[in-house]
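Numbering (the numbering used here), first residue to last: 3 to 238.
C-beta: ideal position from N, C-alpha, C; glycine also.
Values in this document were obtained by computation on a predicted structure and should not be read as measured data.
Okay, so here's the structure we're looking at.
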């Protein structure tokens, strides 16, 4: 391995780590949804891994395809920027819809009373809510589709820093170097995502979240919505 690839490898590791840590969209959705949906540690880590893999592979495939067909680095950066714009709006839409569903469910779970009069037995009052068996069917549908929605959003989400790192060795006719650097960047990015999620998951296990458990889905939707805002308008 020549000095340029060694230096580029160190750069890939550093940027992969910093890029992930400074981008809350890389881990925040998994943290809040894991708590809201009561995912096990194994399920949380598995979903984080798959989404991270889709996230980096989409950019690696795009970059390597660009190298093969001779697309310039500037053009690839433009494509990644366009994909980032889509991902930002998808996060915003997903978070907003999730918040609205959570608000609706909170309203339907609210206990209220009804008064009834029956001949012979007189008047009686009973409490109930509108969150019965039919509502639980739709709630379970949302639970099942949430990981797939996250996966699709992360596939659209680009890794902009990867493109220049990938293209440099390609410009030197070193395809093996491009593959090595992209794999290194991908491993660090996924490992950092999983590490941050794991740390928060373990931290939350030591905190009593019962007082806000009722609002956990609403909080999750709000945090995902804010992540989308941060991507779209702050550039995180």
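Outcome for residue i when other beta-carbon atoms lying within 10 angstroms are tallied against a minimum of 16
i           : result
residue 135 : Since pLDDT at residue 135 reaches only 47, below the 50 mark, its modelled position is unreliable, and no value is offered.
residue 204 : exposed
residue 102 : exposed
residue 160 : buried
residue 219 : buried
residue 222 : buried
residue 7   : buried
residue 70  : exposed
residue 235 : exposed
residue 94  : buried
residue 215 : exposed
residue 80  : exposed
residue 180 : buried
residue 74  : exposed
residue 104 : buried
residue 84  : exposed
Expected contact under 8 angstroms - CB spacing of residue i and residue j to nearest Å
i           : j           : result
residue 22  : residue 195 : 6 angstroms
residue 152 : residue 53  : 5 angstroms
residue 72  : residue 184 : Not a contact, Cβ separation roughly 18 angstroms.
residue 187 : residue 14  : 4 angstroms
residue 97  : residue 227 : 3 angstroms
residue 78  : residue 68  : 5 angstroms
residue 190 : residue 29  : Not confirmed; about 14 angstroms, so no contact.
Among the options, nearest to residue i - alpha-carbon criterion
i           : options               : result
residue 200 : 154, 50, 12 and 25    : 50
residue 193 : 98, 58, 85 and 182    : 58
residue 18  : 61, 30 and 177        : 61
residue 217 : 76, 77 and 107        : 107
residue 11  : 236, 182 and 215      : 182
residue 43  : 206, 100, 215 and 95  : 206
residue 40  : 177, 180, 158 and 148 : 148
residue 31  : 5, 100 and 210        : 100
residue 48  : 16, 20, 150 and 5     : 150
residue 27  : 158, 109 and 176      : 158
residue 154 : 176, 55 and 210       : 55
residue 5   : 46, 208, 209 and 176  : 176
Interface flag, residue i vs chain D, CB-CB below 8 angstroms
i           : result
residue 200 : You won't find chain D in this structure, because it holds only one protein chain.
Counting Cβ pairs closer than 8 angstroms, one from the region 90-100 and one from the region 221-235, do we hit at least three? Taking a cut-off of 8 angstroms for Cβ pairs, the region 90-100 and the region 221-235 touch, as three or more such pairs fall below it.
If contact is defined by three or more beta carbon pairs under 8 angstroms, each pair taking one atom from either stretch, is the region 35-52 in contact with the region 157-164? Contact between the region 157-164 and the region 35-52 is absent, because fewer than three Cβ pairs lie under 8 angstroms.
Return the chain-ordered ranges of every beta strand (DSSP E) run that is complete within the region 158-233 and spans a minimum of 3 residues. With a minimum length of 3 residues, no continuous beta strand (DSSP E) run stays inside the region 158-233.
Segments of 4+ residues assigned as alpha helix (DSSP H) that fall wholly inside the region 62-95: None, since the region 62-95 contains no complete alpha helix (DSSP H) of that length.
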